[in-house]
Amino acid sequence: MEKIIIPQNETDALFNKLTLQGEKRGYFLNPNTNIAKSLCEALLKNEKRYGHQVCPCRLSAGSREADLDVICPCDYRDPDLLKYGVCYCGLYASKKIFTEKTPTKPIPERRPNKETRLLNKQKYMEEQNQPKDINNLSQPVWRCQVCGYIAARPEAPEICPICGATHDRFEKFI
Amino acid sequence: MEKIIIPQNETDALFNKLTLQGEKRGYFLNPNTNIAKSLCEALLKNEKRYGHQVCPCRLSAGSREADLDVICPCDYRDPDLLKYGVCYCGLYASKKIFTEKTPTKPIPERRPNKETRLLNKQKYMEEQNQPKDINNLSQPVWRCQVCGYIAARPEAPEICPICGATHDRFEKFI
Amino acid sequence: MEKIIIPQNETDALFNKLTLQGEKRGYFLNPNTNIAKSLCEALLKNEKRYGHQVCPCRLSAGSREADLDVICPCDYRDPDLLKYGVCYCGLYASKKIFTEKTPTKPIPERRPNKETRLLNKQKYMEEQNQPKDINNLSQPVWRCQVCGYIAARPEAPEICPICGATHDRFEKFI
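Chains as they are written, first to last, in this note's numbering: chain B, 1 to 174; chain A, 1 to 174; chain U, 1 to 174.
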């Protein structure tokens, strides 16, 4: 594979952009700046290589469509942040880990294998033709009791992106 | 009609405010700054004239209630951004058009005529008294697969306002 | 009770943080800076005393779980802002009151008493085991007609936290 060199200032710029965006959106980078920056560099390499910032810790399938769930931030970041305090790569960390500067450890891969992903997609497409049932939605809906923000995801977010309320201010809404 | 003069610094202030808000919210102004600023000026004129920033490219009906759907940003901006890359006035542009500095072109009017709007409103009021049916909501609900944000609108947003994920990371949820 | 001293710079820092967050999220502090700062100081005292920023105008029950609905911002802020233009403490004010620098007045307590809160919680837990009914959700769902943001709360927000649209641009969605 051709060697790709990313200038330090481009890596720093992505690191700064993600840090700032995170502050606004309730996300935090790895407290170890070296780890976070080397992952930013890897994202920029992947962007040059594949055209999109695919997760540095997974193998690109070569097409945007097939990589969609692992374009950073990946579909698995938020559940991993909540369960392990860190995403699969370790680029993102929970507020607790970020604040306490806890060293991060590897976590298990949550992404289903290719066959399961294809089956899930097929199942999703079939369900689109079925009537929806409020008691059988694909994800539970969580409600922030402070501001009424609702999000459909396996668990409530760590921090409400609208009002900043903590995880324990959410209730299951649907 | 009385001539209204808007000082340049007021126009610039609105332009800067909308630019900054857009950065936070995933919206972009026309890449042609002259066009964007002249529309900002027109919005400020309308505010002095009618008391609210009614769309410069539509006729005010004179009351806030009758103008509500075309107070900027109008109810038609987001679907137009997605379909044409630009809103009816050309004040807002898609990220692609903004980034590539594509010259913008006029687009068709999406706003229903007065009679249809009145009928729609009447239909909406009647439906409020009917039981809701999850398979017959007024808008589909789109879900960001990265952060779980859900929005009820004809199409998913160009950029997730919560986590910044792209349009193709959304799925139909309801 | 032990006397707790909060250094002025810590109070100022919280005041500035809440002001900035509010700007991004569509919330405003009391236009009387003295009132707002003394409430910030009281929040910091409560944080030292109880471990969380419990509302300065209510009595802490001593545990985070029992105080959850009155950790600032409390569950009652948003409905009070909409009805009275101010929260129970007067830390938060509506945009109108903030902009016009209206002096704020005491408002009635909206928080149910302890017994009712326990009954509500019990009812909520029981409902979690029942099938959901779209016509009987715990809160109505409001939809911003500009951007499609949906929130589940007694009334629509004063300002859409996603696109900045005003209260009257929301419609009842569910």
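Cβ coordinates follow ideal geometry from the N, Cα and C atoms, glycine included.
By a beta-carbon distance limit of 8 Å, I150 (chain B) contacts I150 (chain U). Their separation comes to about 6 Å. Considering only beta carbons, the part of the segment 121 to 139 of chain B lying closer than 9 Å to chain A consists of Y124, Q128, P131, K132, D133, I134, L137, S138 and Q139, in chain order. According to the DSSP assignment, K172 (chain U) belongs to the beta strand (DSSP E) that extends over F170 to K172. Of the other Cβ atoms in all chains shown, fewer than 16 fall within 10 Å of the Cβ of R117 (chain A); this residue is therefore exposed. The beta strand (DSSP E) runs of length 3 or more contained entirely in the segment 79 to 153 of chain U are, from start to end of the chain, 141 to 144 and 150 to 152. The C-beta of E171 (chain U) comes closer than 9 Å to at least one C-beta of chain A. In this structure, the alpha-carbon of S63 (chain B) lies about 19 Å from that of Y76 (chain B). For chain U, the residues of the segment 24 to 39 of chain B that bring a beta carbon within less than 8 Å of one of its beta carbons are K24, in chain order. Within a 10 Å sphere around the beta-carbon of K45 (chain A) sit 16 or more other beta-carbons, which makes this residue buried. For I4 (chain B) against G90 (chain B), the beta-carbon gap comes to about 21 Å, at or over 8 Å, which does not count as contact. In the three-state DSSP reduction, L68 (chain U) falls in the helix class (H, G or I). In the three-state reduction of the DSSP assignment, L39 (chain U) falls in the helix class, which pools H, G and I. Contact between the segment 68 to 87 of chain A and the segment 106 to 125 of chain A is present, with at least three C-beta pairs closer than 8 Å.
Listed along chain B are C147 and G148, each with a C-beta nearer than 8 Å to that of R153 (chain U).
F15 (chain B) is not bridged by DSSP to any residue. Taking a C-beta distance under 9 Å as the contact criterion, P73 (chain B) and Y27 (chain B) qualify as a contact pair. Three or more Cβ pairs drawn from the segment 159 to 170 of chain B and the segment 13 to 26 of chain B lie within less than 8 Å of each other, which places the two stretches in contact.
Within 7 Å of the CB of D168 (chain B), no CB atom of chain A is found; the nearest one sits about 17 Å away. Taking each of B:I6, B:F170 and B:K37 in turn and checking the Cα distance to C144 (chain B), the smallest one comes out for B:F170. By the Cβ-count criterion, Q53 (chain A) is buried, with 16 or more other Cβ atoms from all chains shown falling within 10 Å of its own Cβ. The beta-carbon of V54 (chain A) is placed no less than 9 Å from the nearest beta-carbon of chain U.
R64, E65, L68 and D69: these are the residues of the segment 58 to 70 of chain A whose beta carbon lies less than 9 Å from some beta carbon of chain U, given in chain order. Annotation: Cβ neighbours of D78 (chain U) in chain B (cutoff 8 Å, chain order): V146, C147 and G148.
In the same chain as E155 (chain A), and ignoring 5 residues on each side of it, the C-beta atoms closer than 6 Å to its own belong to L82, in chain order. For L29 (chain A), the beta-bridge partners assigned by DSSP are A:Y92.
At a beta-carbon threshold of 7 Å, the residues of chain B lying near I162 (chain A) are R25 and P161, ordered along the chain. Q122 (chain B) has its alpha-carbon roughly 42 Å from the corresponding atom of L18 (chain A).
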